[in-house]
Amino acid sequence: MFYNYAELEDGTQLAFSNVLDSGEVQVSIERPVDLGFDSAMCTLPAFEWSEIEGFDDADIARLDSFVHNNAQLILRLAREVSREYA
(Lines of atoms letter the chains of each structure in order from A and count residues from 1; the text may use other names and numbers.)
(Lines give C-alpha, C1' and ligand atoms only; values in the text may rest on other atoms or scores of the structure.)
Protein backbone atom coordinates (compact mmCIF):
# COMPACT_ATOMS: atom_id res chain seq x y z
CA MET A 1 0.00 0.00 0.00
CA PHE A 2 1.21 3.53 -0.76
CA TYR A 3 0.55 6.73 1.18
CA ASN A 4 0.57 10.20 -0.35
CA TYR A 5 3.56 12.27 0.67
CA ALA A 6 3.86 15.39 -1.52
CA GLU A 7 2.77 17.09 -4.71
CA LEU A 8 5.42 19.20 -6.43
CA GLU A 9 4.80 22.45 -8.32
CA ASP A 10 4.63 20.64 -11.68
CA GLY A 11 1.99 18.15 -10.49
CA THR A 12 4.48 15.37 -9.74
CA GLN A 13 3.13 13.20 -6.92
CA LEU A 14 5.25 11.26 -4.43
CA ALA A 15 3.94 8.43 -2.30
CA PHE A 16 5.67 5.98 0.04
CA SER A 17 5.07 2.38 0.97
CA ASN A 18 4.95 0.83 4.39
CA VAL A 19 8.21 -0.76 5.54
CA LEU A 20 8.67 -3.93 3.48
CA ASP A 21 9.86 -7.26 4.93
CA SER A 22 13.34 -6.39 3.63
CA GLY A 23 13.34 -3.21 5.75
CA GLU A 24 13.15 -1.04 2.65
CA VAL A 25 10.62 1.64 1.73
CA GLN A 26 9.51 2.27 -1.84
CA VAL A 27 8.89 5.83 -3.03
CA SER A 28 6.58 5.97 -6.04
CA ILE A 29 6.75 9.05 -8.24
CA GLU A 30 4.24 9.96 -10.94
CA ARG A 31 3.80 13.03 -13.12
CA PRO A 32 0.68 13.43 -15.27
CA VAL A 33 1.26 13.83 -19.01
CA ASP A 34 -1.13 13.97 -21.97
CA LEU A 35 -1.80 10.24 -22.28
CA GLY A 36 -0.90 8.90 -18.86
CA PHE A 37 1.96 9.34 -16.43
CA ASP A 38 5.72 9.57 -16.26
CA SER A 39 6.83 7.33 -13.40
CA ALA A 40 9.77 6.16 -11.33
CA MET A 41 10.50 4.24 -8.14
CA CYS A 42 13.17 4.94 -5.54
CA THR A 43 14.06 2.40 -2.85
CA LEU A 44 15.12 3.74 0.53
CA PRO A 45 17.45 3.75 2.35
CA ALA A 46 19.72 2.81 -0.60
CA PHE A 47 18.35 5.52 -2.95
CA GLU A 48 18.21 2.98 -5.80
CA TRP A 49 16.17 4.22 -8.77
CA SER A 50 14.21 1.84 -11.00
CA GLU A 51 11.25 1.65 -13.37
CA ILE A 52 12.03 5.13 -14.77
CA GLU A 53 9.67 6.05 -17.61
CA GLY A 54 9.38 9.54 -19.09
CA PHE A 55 11.69 11.35 -16.68
CA ASP A 56 14.98 12.63 -18.12
CA ASP A 57 18.31 12.84 -16.28
CA ALA A 58 17.63 16.40 -15.07
CA ASP A 59 14.22 15.35 -13.70
CA ILE A 60 15.75 12.39 -11.85
CA ALA A 61 18.52 14.60 -10.42
CA ARG A 62 15.88 17.03 -9.10
CA LEU A 63 13.76 14.21 -7.71
CA ASP A 64 16.80 12.51 -6.18
CA SER A 65 17.65 15.73 -4.36
CA PHE A 66 14.06 16.02 -3.09
CA VAL A 67 14.00 12.41 -1.90
CA HIS A 68 17.40 12.78 -0.20
CA ASN A 69 16.20 15.93 1.59
CA ASN A 70 13.02 14.19 2.75
CA ALA A 71 14.27 10.64 3.34
CA GLN A 72 14.38 10.77 7.13
CA LEU A 73 10.78 11.98 7.34
CA ILE A 74 9.58 9.50 4.72
CA LEU A 75 11.26 6.61 6.58
CA ARG A 76 9.79 7.74 9.90
CA LEU A 77 6.28 8.02 8.42
CA ALA A 78 6.65 4.58 6.82
CA ARG A 79 7.65 3.09 10.19
CA GLU A 80 4.63 4.75 11.84
CA VAL A 81 2.09 3.44 9.32
CA SER A 82 3.70 0.01 9.42
CA ARG A 83 3.19 -0.12 13.20
CA GLU A 84 -0.44 1.07 12.85
CA TYR A 85 -1.32 -1.72 10.42
CA ALA A 86 0.83 -4.50 11.87
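Note that the numbering used here has the sequence shown beginning at 2, numbered continuously upward. We treat Cβ as the ideally placed atom computed from N, Cα and C, and that holds for glycine.
Comparing C-alpha positions only, which one of the options sits nearest to residue i?
{"i": "R84", "options": "L21, A47, E49, A7", "result": "L21"}
{"i": "A47", "options": "H69, N19, F3, G55", "result": "H69"}
{"i": "L64", "options": "D35, L78, G24, T13", "result": "T13"}
{"i": "L45", "options": "V26, P33, I61, S51", "result": "V26"}
{"i": "D11", "options": "I30, Y4, L76", "result": "I30"}
Can you give me the C-alpha to C-alpha distance between residue i and residue j, rounded to a whole angstrom?
{"i": "A7", "j": "D39", "result": "16 Å"}
{"i": "A79", "j": "D35", "result": "31 Å"}
{"i": "G24", "j": "L74", "result": "15 Å"}
Helix, strand or coil, according to DSSP, for residue i in the structure here?
{"i": "V20", "result": "coil"}
{"i": "L15", "result": "strand"}
{"i": "A7", "result": "strand"}
{"i": "D39", "result": "strand"}
Since I believe residue j is in contact with residue i (beta carbons under 8 Å), could you give me their beta-carbon distance rounded to a whole number of angstroms?
{"i": "F56", "j": "A41", "result": "5 Å"}
Can you name the start and end residues of the beta strand (DSSP E) that residue i belongs to?
{"i": "E25", "result": "That residue, E25, is in no beta strand (DSSP E); it is neither H nor E in DSSP."}
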